[in-house]
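Each remark here refers to the structure printed beneath this line.
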């Protein structure tokens, strides 16, 4: 009976190909995951930019409307009349002979001289 | 393995499989069968329906002048559950919004999620406050977009424009009648917010764009409106009457060019006005029209062939006894034709014309001229007036109604009645709206002139016009209505004021003048009506109080409309009041 204890020569060889396959799978999966996270972050960042831009546009529009309202008020008849009465707006009188009439003139009955209406009365 | 062991293992596997099957079934049920239901629930929990406010349309005059517009403002809202440091919020609110710190703290301490701190905050203050809050890292305060309505011309045209209530709905005038078109429809979007209250844009849900309100273009010409307002103001100041009303319209189209009432109110501050100031008396007040009503009986009698242009009516030398009462004229007249009856404004002549026509026929003409019915103008509260049918008349009515008594009409009806004459006998539908436009100016609705009915033939209208020209010439009752260079047609009216206690108020008169110019091709009809002018009773007549106002208005309107004068100029004429003043100065 052979009683010698010969060392058993058992080994677990690394299966490079298989390992590479797993590693590749892990890398791809990891990359996909990270890309997803990166893209999602980018999306949030862009969305936030859009939100801020939207807010700015709204603000500019509102400012524009405020200016329009102010212009309307300042150029309103009431405001202009107030400026005229306070003397801060000078109106130059244009004499009748400087007015070019575009509508065809119809002759006056008596002397043929065309007159504009000019008998404004003073009222109290 | 023996058989019982295998059985146990199979049983355990079966149980596990069954459990997983149940879970899977539940998952399928939750994710597929009840997807819509639970999605909705989740959305309700996380998402918020954000309103996108539609912009209210503007009101413009016929030339595009802005009469009503919007001013963007902000509503400052606090969410107490998100505010960590109420003291900072209170300090900033008091600094920028002018609120008391204690009041803000009290409001925030309620822990409500929606607390309005202040409304109508101007944009510049909002920007400053928001920047300050961002610096102080304050959370829980938001700024909602809002707008207030502004009327840049203040009191001018206030009765026609109307105003809005606190909820932004039209209360009076065009703002009320055209509210649905002006308001538009709000849009909305579903959004999600993070814990700081900021919107997470990525999760923005469905969105519905707002439909902005339409712009309303009125037929009002602001230059003519200003002219009329200025003269009405002077009259209101000079005679201190209870009310003054002025209307100007285009007789050929029925377009209202100007409409003024005094007293008036400022639509920017409706809360400060008394109800009496807010009445648009041009359409909601009833008055006895007085002699301006004589055009109805004259036109009717001529058209029915009851009389012709040359027929002579005996005017009883100024005293006509009928049904036991005496009807008087201002002066005693003998025989007069229809032309003279109108020029001299004879009560007896008018009464006799009505008697010759008969009550039923006369009533028919009153109605055909548009009295006793609403004209349907696009302004709220128009009344029909009061015209009783012949069955309800007493014996005197047929002699009183032709001179404008025993009948109640609105100032608009009087103006439209005169427009019938000015427009060759056609009654047009009066309107104050010219078109409805999109925000970019595209017309989506255009109001076209509408003939309501042919009241009298053109020939009759021309005859009445000639008589009305006579009214404003020497010998007529309204020489002060004349305008240099133009032929003016019109009629005065002086009616005793009806007392609220019944009968007539002694010494109180409603005086008026309604006329058109140029008489041969009218560009406008204008009514001036003064209720209870504080002047001497011998001067309180339509021809002396209202006619000069008409003249001044017509003169300025002629310049604005660039009307070419067709007559030689007339000499300057002092107003009756100026004459009295000169006389007083001379005697003192």
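Residue numbers (the working numbering), protein chains in the order written: chain A, 193 to 316; chain B, 899 to 1486.
Note that the Cβ used here is the ideal one computed from N, Cα and C, for glycine as well.
Membership of residue 905 of chain B in the alpha helix (DSSP H) is indicated by the continuous run 901 to 926.
In this structure, the alpha-carbon of residue 249 of chain A lies about 23 Å from that of residue 1037 of chain B.
Between residue 969 of chain B and residue 958 of chain B, the C-beta spacing is not below 8 Å.
Contact annotation: the stretch 1118 to 1135 of chain B does not touch the stretch 275 to 285 of chain A, with fewer than three C-beta pairs closer than 8 Å. No Cβ-Cβ contact shorter than 8 Å links residue 1296 of chain B with residue 1251 of chain B.
Between the alpha carbons of residue 202 of chain A and residue 209 of chain A lies a distance of about 21 Å. Every beta strand (DSSP E) stretch that sits fully inside the stretch 1158 to 1232 of chain B and reaches 3 residues is listed by chain position as 1217 to 1220, 1223 to 1226. In the displayed model, residue 1300 of chain B falls within a helix according to three-state DSSP.
The three-state reading of DSSP puts residue 282 of chain A in coil, since its state is none of H, G, I, E or B. When the alpha-carbon of residue 1333 of chain B is set against those of B/1322, B/1097, B/1345, the nearest one is in B/1345. Our two residues, residue 1234 of chain B and residue 1368 of chain B, have alpha carbons roughly 14 Å apart in a direct line. Pairing residue 1413 of chain B with residue 1363 of chain B gives a Cβ-Cβ distance that is not under 8 Å. Take residue 1229 of chain B, set aside five residues on each side of it, and the residues of its chain with a beta-carbon closer than 8 Å to its own are 1216, 1242, in chain order. Taking a contact as a CB-CB distance under 8 Å, the pair residue 1021 of chain B and residue 1046 of chain B does not count as one, their CB atoms being some 11 Å apart. In the three-state DSSP reduction, residue 1385 of chain B falls in the coil class, being neither helix nor strand. For residue 946 of chain B against residue 1089 of chain B, the beta-carbon gap comes to about 5 Å, under 8 Å, which counts as contact.
Separation of residue 909 of chain B and residue 233 of chain A (C-alpha to C-alpha, rounded to the nearest whole angstrom) is 49 Å. Counting C-beta atoms within 10 angstroms of its own C-beta, residue 902 of chain B has fewer than 16 neighbours from the protein chains shown and is therefore classed as exposed. In the three-state reduction of the DSSP assignment, residue 1341 of chain B falls in the strand class. Taking all protein chains in view, the Cβ of residue 1177 of chain B is crowded by 16 or more other Cβ atoms within 10 Å, so the residue is classified as buried. Taken in chain order, the complete alpha helix (DSSP H) segments of 4 residues or longer contained in the stretch 1406 to 1480 of chain B are 1445 to 1458.
Interface annotation for the stretch 1025 to 1058 of chain B against chain A: 1048, 1050, 1051, 1052, 1054, criterion Cβ-Cβ distance under 7 Å.
Where residue 1317 of chain B is concerned, the enclosing alpha helix (DSSP H) starts and stops at 1309 to 1320. Proximity of chain A to residue 968 of chain B at the Cβ level (cut-off 8 Å) is accounted for by 257, 261, in chain order.
Pairing residue 975 of chain B with residue 1044 of chain B gives a Cβ-Cβ distance that is not under 8 Å. Here residue 1012 of chain B is exposed. Its C-beta has fewer than 16 other C-beta atoms within 10 Å. Between residue 986 of chain B and residue 1034 of chain B, the beta carbon gap of about 5 Å places them in contact (Cβ cut-off 8 Å).
In summary, the residues of the stretch 1079 to 1102 of chain B whose CB is separated from some CB of chain A by less than 9 Å are 1096, 1097, 1098, 1099, 1100, 1101, 1102, in the order they occur in the chain. Taking residue 1281 of chain B as reference, the option from B/921, B/1097, B/1170, B/1182 with the minimal CA-CA separation is B/1182. Close partners of residue 1021 of chain B in chain A (Cβ separation under 9 Å): 251, 254, 255, 257, 258.
Residue environment for residue 1076 of chain B: buried (at least 16 other C-beta atoms within 10 angstroms of its C-beta).
Judged by DSSP in its simplified three-state form, residue 205 of chain A adopts coil rather than helix or strand.
Beyond the five residues adjoining it in sequence on each side, residue 1086 of chain B comes within less than 8 Å, by CB distance, of 947, 948, 949, 950, 1105, 1106 in the same chain, given in chain order.
Here residue 1327 of chain B carries a coil assignment [DSSP, helix/strand/coil]. Put simply, the backbone Cα of residue 1095 of chain B is about 51 Å away from that of residue 276 of chain A. Against chain B, the CB of residue 202 of chain A has no partner CB under 8 Å away; the residue lies outside that interface.
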